[in-house]
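Take a look at the structure below.
Here it is as structure tokens:
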């Protein structure tokens, strides 16, 4: 076994139940000693994403075909909630604060940014393709300076610039991508990292390469198996 600590039966059973729902953010104490502290830390985002997809559907219906100022106001309001979340940690009881961070409220602004990109894609993509390098410079400057440290759950400027960089650079490179395994990489990267941590394989630069290779292999396998089944089922709907 990779994990040598004693695992309590009831908490582990409850953990399996929550993993089968949208409550993947919960990890029992008996598993906190594994890897980085949770079997797959990336899965906490699933419940948040489901909430955001539901809310953004109705929000986009309200803002669709309206002036862009509506999107901008929604983004700024969402950023304000994100920035105001950290101070709540010293006000709310710990369990309430943790549950609040599992709602869509601190993260919805990112989805509104995506909705705005879709709404005005033709105009915005021209700008991003031209200035993604400037966005990279801003991201590096803000990250190195640390001026956003402790401001919001995720730095608004850094998150925004990172998204602009990925989209702008992606559409600037004329390389056709037939198979997208990016989400698989996100889902499985902590699985690989936790196994490496358990075996003490960390601390050197080449361990990053090992993690990338292992994650890519798992993502590709998932894309060709579970992903294939789900895509086929979607086409039949």
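Numbering (our numbering), first residue to last: 474 to 710.
Virtual Cβ for every residue (Gly too), placed ideally from N, Cα, C.
TODO: Verify whether the separation of the beta carbon atoms of residue 520 and residue 575 is less than 8 Å.
DONE: To locate residue 520, count along the chain shown from 1; it is residue 47. To locate residue 575, count along the chain shown from 1; it is residue 102. Contact flag set, yes.
- [ ] Please state whether DSSP places residue 620 in a helix, a strand or coil.
- [x] Position 147 of the chain shown, counted from the first residue, corresponds to residue 620. It is coil, neither helix nor strand.
Open item on the list: Below 8 Å on the Cβ atoms is my contact criterion, and I expect residue 475 with residue 671 to pass it. Report the Cβ-Cβ distance as a whole number of Å.
Closed with: As a position in the chain shown, residue 475 is number 2, starting the count at 1. As a position in the chain shown, residue 671 is number 198, starting the count at 1. The Cβ separation is near 5 Å, so the contact holds.
Open item on the list: Using C-beta distances below 6 Å, list every residue in its chain close to residue 478, excluding the 5 sequence neighbours before and after it, in chain order.
Closed with: For this step, residue 478 is matched to residue 5 along the chain shown. Here the set comprises 506.
- [ ] Mind checking which residues open and close the alpha helix (DSSP H) that includes residue 642?
- [x] As a working mapping, residue 642 is identified with position 169 in the chain shown. Where residue 642 is concerned, the enclosing alpha helix (DSSP H) stretches over 629 to 645.
- [ ] Assuming residue 631 contacts residue 655 (C-beta within less than 8 Å), just tell me the rounded distance between them.
- [x] Position 158 of the chain shown holds residue 631. Position 182 of the chain shown holds residue 655. About 19 Å; that fails the 8 Å criterion.
- [ ] Find the nearest neighbour of residue 680 within the set 697, 692, 694 and 662, judged by alpha-carbon distance.
- [x] Here residue 680 is taken as the residue at index 207 of the chain shown, counted from 1. The candidate whose alpha carbon is nearest that of residue 680 is 662.
Task: Candidates 637, 696, 564 and 675, of which the one nearest residue 752 by Cα - done: There is simply no residue 752 to check, as the chain begins at 474 and stops at 710 in what is shown.
TODO: At 3 residues or longer, and completely inside the stretch 484 to 545: list those beta strand (DSSP E) runs for me, N to C.
DONE: none
- [ ] Specify the secondary structure class of residue 674 as computed by DSSP and reduced to three states.
- [x] As a position in the chain shown, residue 674 is number 201, starting the count at 1. Correct three-state label for residue 674: coil.
- [ ] Check the C-beta distance from residue 657 over to residue 692 and give it rounded, since I have them as a contact under 8 Å.
- [x] Here residue 657 refers to the residue found at position 184 of the chain shown. Here residue 692 refers to the residue found at position 219 of the chain shown. That belief holds up - the Cβ atoms of residue 657 and residue 692 are roughly 3 Å apart, short of 8 Å.
Task: Option nearest residue 545 by Cα separation, candidates 484, 593 and 687 - done: Within the chain shown, numbered from 1, the residue matching residue 545 stands at position 72. The shortest Cα separation from residue 545 among 484, 593 and 687 belongs to 593.
Open item on the list: Checking 8 Å against the spacing of the C-beta atoms, do residue 551 and residue 517 come in under that value?
Closed with: In the chain shown, the residue the question calls residue 551 occupies position 78. In the chain shown, the residue the question calls residue 517 occupies position 44. The answer is no: Cβ separation not under 8 Å.
- [ ] Please state if the CB of residue 547 and the CB of residue 523 are separated by a distance shorter than 8 Å.
- [x] In the chain shown, the residue the question calls residue 523 occupies position 50. In the chain shown, the residue the question calls residue 547 occupies position 74. Their beta carbons are not under 8 Å apart, which means residue 523 does not touch residue 547 by this criterion.
- [ ] In angstroms with no decimal places, state the Cα-to-Cα distance between residue 690 and residue 610.
- [x] Taking the chain shown and counting its residues from 1, the one referred to as residue 690 is at position 217. Taking the chain shown and counting its residues from 1, the one referred to as residue 610 is at position 137. Cα to Cα, the separation comes out at about 32 Å.
Task: Stretch pair the stretch 534 to 541 + the stretch 553 to 563: three plus CB contacts closer than 8 Å - done: no
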